[in-house]
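In the order they appear, the protein sequences are chains V and D.
Note that the numbering used here has the first sequence beginning at 464, numbered continuously upward.
Note that the numbering used here has the second sequence beginning at 464, numbered continuously upward.
From the three backbone atoms N, C-alpha and C, an ideal C-beta is built for every residue, glycine too.
From a predicted model like this one, the values you see are computed outputs, not experimental measurements.
Working notes, structure below.
Number of protein chains: 2
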Amino acid sequence: MSANGKPMQLDAVSKAIIEQLQSDGRRSYAEIGKAVGLSEAAVRQRVQKLTDSGVMQVVAVTDPMQLGFYRQAMIGIRVTGDTTAIADRLARVAAIDYVVLTAGTFDILAEIVCENDEDLINLLNKEIRSIPGVQSTETFVYLKLQKQFYNWGTR
Amino acid sequence: MSANGKPMQLDAVSKAIIEQLQSDGRRSYAEIGKAVGLSEAAVRQRVQKLTDSGVMQVVAVTDPMQLGFYRQAMIGIRVTGDTTAIADRLARVAAIDYVVLTAGTFDILAEIVCENDEDLINLLNKEIRSIPGVQSTETFVYLKLQKQFYNWGTR
DNA sequence: AGTGAAACGACCGTAGA
DNA sequence: TCTACGGTCGTTTCACT
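And the structure:
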């Protein structure tokens, strides 16, 4: 139910529940209840509502570095024609984990995750620059990830 | 224990477990066990190891849009001097949820989440462009988030 | 690194304020 | 929207392979 257009107004308790799950997504409802001063059932209902409405999701996230993906980069892309069609196509590439349409000197920003520089070159040439309509790309190789906090939109 | 420098080699079963938790971070170990063909205890041991080693985390992520944060943007930043010090300072701003040091025509990329354009202007002027050493910024306002897949590094 | 069993605790539906 | 409660299922520990 729900998921209309209007922003959801969260009270302090719901915010506290989200914080609990942000630090550990597998914490039990009972434990969260103790922390926020609510019964287990009440916490469960609120979590249900938050996930059903799409405000919150509990998911596993992985560290590319620890899995041997040592090269990450943001690619700024300038295109002609339909940006959505091109972004759609980029979104289907497994090594591209983030695609956003933007206003500014780039039309699309895409984040890529790969093992090394050779993979990066191949990705750029074979999966990005080869798409009809892609005019130019600019690559920003990641040196150090300083902060990452989880919010989300589509998938 | 662990978290050395070498990449962790995951077998098909661990990958399957991660996939299960990527689609629902609260799925029970028993249920995951059924899906991947392992006992509940074995699944739990593997999940423990994956989280202890830092390869995987189960966390809550929220949708800024649904919470009334209608304006998101990536800011490309050019600086003089110590990039780390400036990135550190940016990371402490709540409205900045992502900071990465890069090689390329920007030294730092920062993603911001705010309610409207006025907030965006204030953030840019008061929290970013006012930092000593920041030479210039380029703003890429998000029009549409097309893909977001969760990997992570630091926090 | 895996299984199985028994005690314990979490989860879920339902009833009621 | 919350608490209370009972049945069911998941989790934990441990002994064993």
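The continuous stretches of alpha helix (DSSP H) do not include D:Leu564, which lies in the beta strand (DSSP E) extending over residues Ile559 to Ala566. With distances taken between CA atoms, V:Asp515 lies nearest to V:Met471 out of V:Ser486, V:Met471 and V:Leu587. Close CB contacts of V:Ser502 within its chain, under the 8 Å cut and outside five residues either way in sequence, are with Gly496 (chain order). When beta bridges are read from the DSSP output, V:Asn614 appears opposite D:Thr525.
By the neighbour-count definition (other C-beta atoms within 10 Å, threshold 16), D:Asn614 is a buried residue. Taking all protein chains in view, the Cβ of D:Lys589 is surrounded by fewer than 16 other Cβ atoms within 10 Å, so the residue is classified as exposed. D:Leu572: member of the beta strand (DSSP E) spanning Ile571 to Cys577, first to last residue. Inter-segment contact for the segment 552 to 561 of chain D and the segment 515 to 529 of chain V is absent: fewer than three beta-carbon pairs are separated by less than 8 Å.
Here V:Ser486 carries a helix assignment [DSSP, helix/strand/coil]. Sequence-distant Cβ neighbours of V:Val518 in its own chain, meaning closer than 7 Å and more than five residues away, are Met471. Taking V:Val506 as reference, the option from V:Gly567, V:Val476 and V:Thr547 with the minimal CA-CA separation is V:Val476. Contact of D:Leu501 with chain V is not assigned, every C-beta pair being separated by 8 Å or more.
Pairing D:Phe532 with D:Val576 gives a Cβ-Cβ distance under 8 Å.
Proximity of chain V to D:Ile481 at the Cβ level (cut-off 9 Å) is accounted for by Ala523 and Thr525, in chain order. Contact annotation: in the segment 595 to 612 of chain V, residues whose CB is within less than 7 Å of a CB in chain D are Glu601, Thr602, Phe603, Val604, Tyr605, Leu606, Lys607, Leu608, Gln609, Lys610, Gln611 and Phe612. Distance between V:Ala504 and V:Gln483, taken at the CA atoms: about 16 Å. Between D:Gln520 and chain V, the shortest Cβ-Cβ separation is below 8 Å.
When CB distances to chain V are screened at a threshold of 7 Å, the residues of the segment 568 to 597 of chain D falling below it are Thr568, Phe569, Leu572 and Val576, in chain order. Among the CB atoms of chain V, none fall inside 8 Å of the CB of D:Gly496.
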